[in-house]
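J.: One structure is given below, represented as structure tokens, and several questions about it will come after.
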Amino acid sequence: MIPDNLPAPAAADWDFPRSALGVALLVRHAVRAGLAPEAALAGTGLAVDHLEAPGAVVTAAQELRVVRTLQRHRPGSGAEVGASYDASTFGVLGLALLSSRTVRDAVEVALRYVDLSHAFAIPRAGLVDGRLVVDLDGSGLPADVRAFLLARDATAVDTVLASLVPGGVGARLSLGADRARLEVDAAELDRPLARPTGRAAAQVDRLAEQLCLQAVARRRERTGVAQEVRVLITQRLAAGAPMPEVASALGLSERTLRRRLGAAGTTYRELLEEVRALLAAELLGAGLPVAEVARRLGYAETAALTHAHRRWAGGPPSSARREHPAFTQRSPRPHLQAPSRTT
Numbered sequence: 001m002i003p004d005n006l007p008a009p010a011a012a013d014w015d016f017p018r019s020a021l022g023v024a025l026l027v028r029h030a031v032r033a034g035l036a037p038e039a040a041l042a043g044t045g046l047a048v049d050h051l052e053a054p055g056a057v058v059t060a061a062q063e064l065r066v067v068r069t070l071q072r073h074r075p076g077s078g079a080e081v082g083a084s085y086d087a088s089t090f091g092v093l094g095l096a097l098l099s100s101r102t103v104r105d106a107v108e109v110a111l112r113y114v115d116l117s118h119a120f121a122i123p124r125a126g127l128v129d130g131r132l133v134v135d136l137d138g139s140g141l142p143a144d145v146r147a148f149l150l151a152r153d154a155t156a157v158d159t160v161l162a163s164l165v166p167g168g169v170g171a172r173l174s175l176g177a178d179r180a181r182l183e184v185d186a187a188e189l190d191r192p193l194a195r196p197t198g199r200a201a202a203q204v205d206r207l208a209e210q211l212c213l214q215a216v217a218r219r220r221e222r223t224g225v226a227q228e229v230r231v232l233i234t235q236r237l238a239a240g241a242p243m244p245e246v247a248s249a250l251g252l253s254e255r256t257l258r259r260r261l262g263a264a265g266t267t268y269r270e271l272l273e274e275v276r277a278l279l280a281a282e283l284l285g286a287g288l289p290v291a292e293v294a295r296r297l298g299y300a301e302t303a304a305l306t307h308a309h310r311r312w313a314g315g316p317p318s319s320a321r322r323e324h325p326a327f328t329q330r331s332p333r334p335h336l337q338a339p340s341r342t343t
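Take a look at the structure:
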């Protein structure tokens with residue numbers, strides 16, 4: 001029996017950090033339109049190799065910049081881009097979708113973790129008169145790319161939903177200037193997805209849910225300018241993530257950035273420490289050598305990482321492998337001792 005309610009989407013609007021996989025897909029379409037990858041990324045501060053890094057994240061503003069470039073060179077291609085989506089486009093969220101038991105479970109996961117997607121037109125879903133109705137409101141999107149984004153996101157929802165079960169779900173998509181709607185017979189929500197069975201299925205479910213919880217916890221724990229700064233730091237970490245460069249990427253002076261971070265209850269140094277601590281846990285847990293992790297985190301010497309790791313986690317970098325969430329059920333966030341604030 002299908003319950004008559006579905007969860008509200010986790011994000012109220014589109015201004016959240018997102019996986020670089022969405023930008024990588026946009027770049028591939030731009031290349032087909034005759035652009036070099038570097039030209040597609042112009043003005044974003046992103047390098048092509050960043051898009052291919054595991055777990056790479058971009059800001060919404062960076063993805064919008066690439067969308068605008070693609071729109072100029074291939075007008076009206078939003079639906080074409082959306083039709084090229086599949087579950088793997090969403091990374092960890094895709095894993096959660098594919099490991100769902102039924103179509104309804106997949107819809108619920110997508111709504112609960114919509115901020116792990118690439119959506120700008122946020123979908124909202126409900127059951128009305130025996131139908132699943134998914135509404136996407138594009139009225140709040142930038143006018144110059146509204147049609148592109150609405151067509152892309154609505155088509156992506158339609159395409160991915162259809163891919164979950166053989167023969168699709170028979171969705172009916174209507175696309176307007178500012179809004180889009182998909183309608184599906186509610187009976188389709190009971191259809192099971194092809195998935196592993198027994199113990200393997202339970203393990204896939206736990207892993208998918210755990211990964212989603214970890215990822216959204218990290219992205220949601222900072223908001224506004226502090227979260228944008230964290231994303232930009234991550235992209236520039238190997239070069240030390242100098243504050244003047246990050247401030248410039250935001251169109252701010254260093255003084256203004258310090259003031260805004262102070263109003264948000266943090267400092268640039270604190271955010272740099274947080275990003276380094278989180279990435280160190282992931283990279284060390286994945287088995288990378290300590291020297292390589294130190295280089296990726298922007299440390300001139302391995303000893304600097306060793307000292308920092310003792311401060312974050314109370315032990316040497318070698319302890320991260322034993323405590324990494326891939327091997328334990330502990331929270332992935334290292335305990336941080338906040339550094340003294342600077343002005």
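Under full-length UniProt numbering, residues 1 to 343 are what the sequence shown spells out, in order.
Glycine is no exception: its CB is placed at the ideal position from the N, C-alpha and C atoms.
Please read these numbers as outputs of a predicted model, since none were measured by experiment.
Quick one: what's got a C-beta closer than 6 angstroms to R172's C-beta in the same chain, skipping five residues either side?
T.: Excluding sequence neighbours, R172 sits near E183.
J.: Around the C-beta of R322, are 16 or more other C-beta atoms found within 10 angstroms, so that it is buried, or is it exposed?
T.: For R322, the pLDDT reaches just 49, beneath the cut-off of 50, and the residue's location in the model is therefore unreliable, leaving the point undetermined.
J.: Mind pulling the beta strand (DSSP E) runs of 3 or more residues that sit fully within the segment 138 to 186?
T.: The segment 138 to 186 contains these whole beta strand (DSSP E) runs: 172 to 175, 179 to 185.
J.: Per the DSSP calculation, V58 is bridged to which residue(s)?
T.: R18, per the DSSP bridge assignment.
J.: Comparing alpha-carbon positions, which option in V58, R28, A40 lies nearest P17?
T.: If we check each option's Cα against that of P17, V58 comes out closest.
J.: Okay, do the segment 19 to 27 and the segment 103 to 123 touch, 3+ Cβ pairs below 8 angstroms being the bar?
T.: Result yes; three or more Cβ-Cβ pairs closer than 8 angstroms.
J.: Please state whether DSSP places residue 423 in a helix, a strand or coil.
T.: Outside the modelled stretch of the chain, which goes from 1 to 343, sits residue 423, for which no answer is possible.
J.: Are V103 and L189 close, meaning C-beta to C-beta below 7 angstroms?
T.: Yes, they are a contact pair.
J.: With distances taken from CA atoms, which of P37, R311, E209 is nearest E270?
T.: Cα-wise, what sits closest to E270 is R311.
J.: Suppose you measure from the CA of T234 to the CA of T306; what does that come to, to the nearest Å?
T.: If you take the alpha carbons of T234 and T306, they lie about 19 angstroms apart.
J.: Taking C-alpha atoms, which residue in G265, T302, V216 lies nearest to A10?
T.: Answer by Cα proximity: V216.
J.: Does the separation of the CB atoms of A238 and R152 fall below 7 angstroms?
T.: No, the Cβ-Cβ distance between A238 and R152 is not below 7 angstroms.
J.: Quick one: what does DSSP say D49 is sitting in, helix, strand or coil?
T.: Looking at D49 - three-state DSSP - the assignment turns out to be helix.
J.: Within this structure, are the beta carbons of L95 and A208 separated by less than 7 angstroms?
T.: Contact: yes.
J.: Suppose the cutoff is 6 angstroms on Cβ atoms and the five residues either side in sequence are ignored; what does the same chain contact list for V81 look like?
T.: For V81, where only same-chain residues beyond five positions count, the Cβ hits under 6 angstroms are H29, R152.
J.: Just reading off the beta strand (DSSP E) that P123 is part of, what are its end residues?
T.: Segment 123 to 128, the beta strand (DSSP E) holding P123.
J.: If I follow the unbroken alpha helix (DSSP H) through E80, where does it start and stop?
T.: Unbroken alpha helix (DSSP H) run through E80: 78 to 83.
J.: Is it the case that the segment 85 to 101 contacts the segment 125 to 140, given that we only count it when at least three CB pairs across the two stretches are under 8 angstroms?
T.: Touching, no.
J.: Taking all protein chains shown into account, decide if T197 is buried (16 or more other Cβ within 10 angstroms of its Cβ) or exposed.
T.: T197 should be labelled exposed.
J.: Return the bridge partner residues of T102 from the DSSP annotation.
T.: Partner(s): P192.
J.: Alpha carbon to alpha carbon, how far is L25 from S163? Give it in angstroms, no decimals.
T.: Cα to Cα, S163 sits roughly 18 angstroms from L25.
J.: Can you tell me whether P244 is buried or exposed? The criterion is at least 16 other CB atoms within 10 Å of its CB, across all chains shown.
T.: Classification for P244: exposed.
J.: Under DSSP, the alpha helix (DSSP H) around D205 begins and ends at which residues?
T.: D205 -> alpha helix (DSSP H) spans 198 to 220.
J.: For R260, which residues in the same chain have their Cβ closer than 6 angstroms to its Cβ, ignoring the five residues on either side in sequence?
T.: Closer than 6 angstroms at the Cβ level, and outside the excluded window around R260, lie V225.
J.: Cutting at 7 angstroms between CB atoms, please list the residues of its own chain near H50, excluding the five before and the five after it.
T.: So the list reads A20, A56, Q235, once near-sequence residues are dropped.
J.: Kindly give me the distance between the Cβ atoms of A147 and G78, rounded to whole angstroms, as I take these residues to be in contact under 8 angstroms.
T.: About 7 angstroms separates the two Cβ atoms, so the contact holds.
J.: Taking the alpha-carbon positions, what's the A42 to V66 distance?
T.: Rounded to the nearest angstrom, the two C-alpha atoms are 8 angstroms apart.
J.: Of all the options R199, V145, T159, which has the alpha carbon lying nearest to the alpha carbon of A177?
T.: The shortest Cα separation from A177 among R199, V145, T159 belongs to V145.
J.: Residue range of the alpha helix (DSSP H) that P244 falls in?
T.: It spans 243 to 249 - the alpha helix (DSSP H) in which P244 sits, taken as one unbroken run.
J.: How would you call A304, buried or exposed, if buried means at least 16 neighbouring beta carbons within 10 angstroms?
T.: The residue is exposed, with fewer than 16 neighbouring Cβ atoms inside 10 Å.
J.: Secondary structure at L111, three-state DSSP: helix, strand or coil?
T.: Helix, per DSSP.
J.: Who are the Cβ neighbours of V27 in its own chain at under 8 angstroms, not counting the five residues just before and after it?
T.: Closer than 8 angstroms at the Cβ level, and outside the excluded window around V27, lie P37, A40, L41, V48, L51, V66.
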